[in-house]
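For the sequence shown, full-length UniProt numbering gives the first residue as 1, with consecutive numbering after it.
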Amino acid sequence: MIARFAILRPVIALFWSARRGMLLAGAVLAVTTVLAGIGLLGVSGWFITATAIAGLLPATAYAFDVFAPSAAIRLLALARTAARYGERMTTHEATLSVLAALREKLFRGFAAPQAAKSLEARPARLLNRLTADIDALDSLYLRVLVPAAVAILAAIATGFGLTFLHPMAGILAAAFLIVAGLGISARSALRAETFSRRRAIGLEALRASTADLVSGQTELLTTGRLSAQVAAVKRADDYLSACDDNLNRIETNAGFSFGVAAAVLLSAALLGMAWLAEQGAVSAPAAALGLLVCFAALEPFTALRRGAMELGRTLFSARRIAPRLSATVEDRCPVLPVSGMAAKLEDVRLEREGNDNPVLTNINLAIAAGERVAIVGPSGAGKTSLIQLLAGELRPAAGTVSALPSTLMTQRSQLFRDSIADNLRLAKPAATADELWDALTAAGLAEHVKSLAAGLETRLGEAGQGLSGGQSRRLALARFLLADRPLWLLDEVTEGLDGETARDVLTRLFARAQGKTVVMITHNRREAEFAERIIVLKEGRQFDECQSGAPEYGVVLKTLRPD
């Protein structure tokens, strides 16, 4: 069990470092809520019993002080209500803010080249890590750590309080509460761990198969595989339902066990307090107080039932994402130590996993700072792989790659379901509104955004819905310009645009390229004409190279697709 919890260290460390004060405050308020509830029930029982006994005789009725216990009851009731409200606000605020930071940190961890490539073929896996796995971690603090600490402290406090009635009563009550409460919870957690893990796997499989069904309907229909994919979704759903049935059965058994434990504790407390009252060791009101305190003290342990059901899922999620919490994007290309150079590749060889044929072989390339270079060649020549090496998204099997900090713009406009401002701030989180408008103006999109009712706060749909193809590319261009890195990497940025829009995008792009180093991949003549040097790749090798103004330069341009 200890080894299982060891995988939670990175997650707990992040919780602790991010919101230490709020986490402690939430735990204190949770303890206050439970202790106030136990005290309220105990004092109420004592007060009712004492009042009934005092009312038997006029003398005792007039002498009985009702104000002190009444005030105590009101104080405990108000304290419990206020503490409960504060605990809910504090614990949920702390948890949700930590999960938001955790989601961002995990996203950055998956941005590391090796992690990103491993998930490229299975996007549903990344979605599951960022959503279901992160959401599973909210149980760690809210339903496991805090309830367990509260239950143990409540048991200790109950035992300590009962020792004033009789030492053995306090010891036995605390021991029973801790052993029975934690024992039932631990047994349920161990039984549920396997099914929780299977449920997490089944949920990921269901998401993946459903995503494949929705996104690939046309291909599945034309190949006659639609019914098979529907059957795969049905199997995943049945598997998930079976896991849910098993978990519900375990939770029901846990509830029954807690019910039995409560009955045993209440019966033992009733007999014990009755015996103490009969022996004259305690008064009848004190016996009622002890009985009701024991009854209320088991309630915090029942709150562990849900946490026990979700502990397996939490541990499994932590095991899957913990390696990425310590990962960074520092494995990208280091800054060149040589002054005046922007990028350099020496004897580079690039291989793809599972493919014996290298993608790139014996690549030697030096790019000076401020130079504009176009990389051309037939499809499959390795152009995109070369630019991914410069961006740090791939690692060479042999040789060295070094480059200045870069920003990459591709033919696909990666826009998110968020506001225009937040899409832009992906490049520069601290960007001011003036900087955003400046980037939009440079990209030729400012007037359109100003015409929108919400302006920069206009929310886009999935993949930038709400903007045309050209507008999406301009928004991507504005974000690209906002990054302001010394090395610009362009991967067929005008592909799919009409001629007029493409020329305008290129003109605006290179108008801001003063002092920047530009490396572009292209099949289009209109893009390559901006280059000072053209490098031709064929079958993963450097085939030719020419400078602007040389006869070969014009020859290579003529081989490219005209505007």
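Beta carbons are placed, not taken as given, at the ideal position from N, Cα and C, and that holds for glycine.
- In the three-state reduction of the DSSP assignment, GLN547 falls in the strand class, which pools E and B.
- ILE250 has its alpha-carbon roughly 28 Å from the corresponding atom of GLY37.
- DSSP, reduced to helix, strand and coil, places ASN362 within a strand of the structure shown.
- In the DSSP assignment, LEU408 falls within the beta strand (DSSP E) that extends over 406 to 410.
- DSSP, reduced to helix, strand and coil, places GLN542 within a strand of the structure shown.
- VAL293 and PRO147 have their alpha carbons spaced roughly 18 Å apart.
- Boundaries for SER267: no beta strand (DSSP E) harbours it, while the alpha helix (DSSP H) harbouring it runs 226 to 278, taken from the DSSP string.
- Within the DSSP bridge table, the entry for SER419 names ARG459 as partners.
- THR507 is classed as exposed because its beta carbon has fewer than 16 other beta carbons within 10 Å across all chains shown.
- C-alpha of VAL31 to C-alpha of SER283: approximately 29 Å in a straight line.
- The C-beta of TYR85 has fewer than 16 other C-beta atoms within 10 Å across all chains shown, which makes the residue exposed.
- LEU345: not part of any alpha helix (DSSP H); member of the beta strand (DSSP E) spanning 341 to 350, first to last residue.
- In the DSSP assignment, ILE171 falls within the alpha helix (DSSP H) that extends over 167 to 215.
- Between THR407 and ARG306, the CB-CB gap reaches or exceeds 7 Å.
- For ARG485, there is no enclosing alpha helix (DSSP H), as DSSP marks it with neither H nor E.
- A check of alpha carbon separations from SER185 across THR458, ALA274 and PHE256 identifies PHE256 as the nearest.
- Here the alpha carbons of VAL98 and ALA157 stand approximately 31 Å from one another.
- The beta carbon of PHE160 is closer than 7 Å to those of GLY170 in its chain, skipping five residues each way along the sequence.
- ASP544 and ASP135 have their C-alpha atoms some 53 Å from each other.
- Setting aside the 5 residues that flank it on each side, THR384 is surrounded in the same chain by ASP491 and ILE521, each with a C-beta closer than 8 Å to its C-beta; the list follows chain order.
- The alpha carbon of ARG197 has as its nearest neighbour, out of ALA18, ASP133 and ASP237, the alpha carbon of ASP133.
- Taking C-alpha positions only, ALA318 is separated from ARG533 by approximately 49 Å.
- Residue pairing from DSSP places MET520 in a beta bridge opposite ALA374 and LEU490.
- Minimum Cα-Cα distance from ALA261 among the listed residues ALA297, ALA281 and LEU247 corresponds to ALA297.
- With a 10 Å radius around the Cβ and a threshold of 16 neighbouring Cβ atoms, GLN414 comes out exposed.
- ARG320 and ARG129 have their C-alpha atoms some 8 Å from each other.
- When DSSP states are grouped into helix, strand and coil, ILE535 belongs to the strand group.
- By DSSP's assignment, VAL401 forms a beta bridge with LEU345.
- Within the segment 27 to 87, the complete alpha helix (DSSP H) segments at least 4 residues long are 58 to 63, listed from N- to C-terminus.
- Burial state of ALA398 is exposed, judged by a 10 Å Cβ sphere holding fewer than 16 other Cβ atoms.
- For SER413, there is no enclosing alpha helix (DSSP H), as DSSP marks it with neither H nor E.
- When the Cα atoms are used, ARG9 and GLU87 turn out to be separated by approximately 24 Å.
- Segment contact: the segment 472 to 483 against the segment 423 to 442, three or more CB-CB distances shorter than 8 Å; contact assigned.
- In the three-state reduction of the DSSP assignment, ILE367 falls in the strand class.
- Nearest to GLU435 by alpha-carbon distance, out of PHE480, GLN465, LYS234 and SER402, is PHE480.
- Judged by DSSP in its simplified three-state form, ARG561 adopts strand.
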